[in-house]
Amino acid sequence: EEDKLFSCNQKMAFSSSYYSPFSALFDVSKPNPSLNPAAFLVPSLKFSTAISNFANGFSLKSPINPGFLFKSRTFNVQARAAAEKTVHDFTVKDIDGNDVSLNKYKGKVMLIVNVASRCGLTSSNYSELSHLYEKYKSQGFEILAFPCNQFGGQEPGSNPEIKQFACTRFKAEFPIFDKVDVNGPSTAPIYQFLKSNAGGFLGDLIKWNFEKFLIDKKGKVVERYPPTTSPFQIEVRLTQLLPVQFISV
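Every letter in the sequence shown is one number past the one before it in UniProt numbering, and letter 168, counting from 1, is 168.
Dropping the structure here:
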C-alpha cells in the first residue's frame, strides 16, 4: 500500500534553459478510451492517473500535489475551455493607444515578453530580441512586447517615453504595446490567459521582467521561459515552429 502513496517531497525535473509546466504533467498522446476518469481520494491519497474524454487528448502522466484537490468533471471543463481559446481571441492596445486584434497574427509564431527600460536584463534582451526579429520576421515571426512597471519600478516612463527608448536606443522594430500589469488583481486578460496555459498550480506568477511565452502559429502557448533565458537560447526552438524552417541559426 505504501508504494501507492504520493510523497509531497517528490520533485519534478525542469530544463535549465526553459520550462514548460504542462509538459511535466501531461502526455500529449491519444487518449485511451478504455481508461476511467481520474479519481483523487483524500485523505487516503490513492489516485488513478488515467484521464480520458479530454477534448484535447491530454492524459495525466505525473501525480498532482495532494494539497490540490480537483474534481475530474471540473478539470475536464477547464481543459476543454483552455483548448478552445487562443491568443488570437484577444484584443490589446498598442503603445499609441490603438486597439489591436491579435487575430492579425494568425499563422505566425509569436514571442510575448514583458519588458522594462531600467532593468539589468534590458540591454541584452532588447538587443537579442531585435536581432531575432530582424532575422526571422520575413519568415512569419513576431515579437509582442508589453511594458510592465511591477518589478522594482523599472518601467516608470510614459508610453511615448518607452517607445522612444526602445526604438531609438535599440532600434526595436517589433510591436510594443500599452503598459500592463502581469500579476495581481489588474492583470491584463492576455496575461491571465498566458499564465493559465503555462503555469497554473505549479506557479503562475510572472517572476520578473523579460519572462517569455512562445506561441505557435495556431495561437497556442508552446513554451514558457524564465527571465534568465536569453532570446538567443530560444532560437533553435523558434525555428522549429516557423512556417518555413531554417536549419542554420
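The beta-carbon is built from N, C-alpha and C at its ideal position, and this holds for glycine as well.
For residue i and residue j, I'd like the C-alpha separation in whole angstroms.
{"i": "residue 250", "j": "Glu142", "result": "For the chain, the structure presents residues 1 to 249; residue 250 sits outside this window and is missing."}
{"i": "Pro243", "j": "Lys217", "result": "8 Å"}
{"i": "Tyr133", "j": "Phe210", "result": "16 Å"}
{"i": "Asp89", "j": "Thr229", "result": "27 Å"}
{"i": "Pro185", "j": "Phe193", "result": "14 Å"}
{"i": "Thr49", "j": "Leu238", "result": "Per-residue confidence for Thr49 stands at a pLDDT of 33, beneath the threshold of 50, marking its modelled position as unreliable; the derived number appears in the next sentence. Thr49 and Leu238: Cα-Cα distance of roughly 32 Å."}
{"i": "Thr122", "j": "Lys135", "result": "20 Å"}
{"i": "Asn159", "j": "Val236", "result": "32 Å"}
{"i": "Glu173", "j": "Asp99", "result": "18 Å"}
{"i": "Lys104", "j": "Ile215", "result": "14 Å"}
{"i": "Glu155", "j": "Asn149", "result": "4 Å"}
{"i": "Phe232", "j": "Lys93", "result": "27 Å"}
Which whole-angstrom value describes the C-beta separation of residue i and residue j, a residue pair presumed to lie in contact below a C-beta threshold of 8 Å?
{"i": "Val182", "j": "Asn114", "result": "5 Å"}
{"i": "Thr91", "j": "Ser101", "result": "5 Å"}
{"i": "Ser117", "j": "Gly157", "result": "6 Å"}
{"i": "Pro227", "j": "Lys207", "result": "6 Å"}
{"i": "Lys137", "j": "Gly219", "result": "No, Lys137 and Gly219 are not in contact; Cβ-Cβ is about 18 Å, not under 8 Å."}
{"i": "Phe224", "j": "Ala198", "result": "For the record, residue 224 in the displayed sequence is Arg; it is not Phe. Contact holds; Cβ gap of about 4 Å."}
Report buried or exposed for residue i, applying the criterion of at least 16 other Cβ atoms within 10 angstroms of its Cβ.
{"i": "Pro147", "result": "buried"}
{"i": "Leu205", "result": "exposed"}
{"i": "Val221", "result": "buried"}
{"i": "Gln240", "result": "exposed"}
{"i": "Gln164", "result": "exposed"}
{"i": "Val77", "result": "Low per-residue confidence applies at Val77: pLDDT is 48, beneath 50, and the placement is therefore not dependable enough to give any value."}
{"i": "Glu84", "result": "exposed"}
{"i": "Lys71", "result": "Any reading at Lys71 must be qualified, since the residue scores a pLDDT of 38, below 50, and its modelled position is unreliable; the value itself is stated next. Lys71 is exposed by the Cβ-count criterion."}
{"i": "Lys212", "result": "buried"}
Taking 7 Å as the line, does the beta carbon of residue i fall inside it for any heavy atom of the ligand COA?
{"i": "Val221", "result": "Because no ligand of any kind appears in the structure shown, any question about the ligand COA cannot be addressed here."}
Find out if the Cβ-Cβ distance for the pair residue i, residue j is shorter than 8 Å.
{"i": "Ala145", "j": "Ile176", "result": "yes"}
{"i": "Gly140", "j": "Val109", "result": "yes"}
{"i": "Ile95", "j": "Ile162", "result": "yes"}
{"i": "Asp178", "j": "Gly97", "result": "yes"}
Can you confirm whether the stretch 118–133 touches the stretch 168–181 when touching is taken to mean that 3 or more C-beta pairs between the two stretches lie within less than 8 Å?
yes
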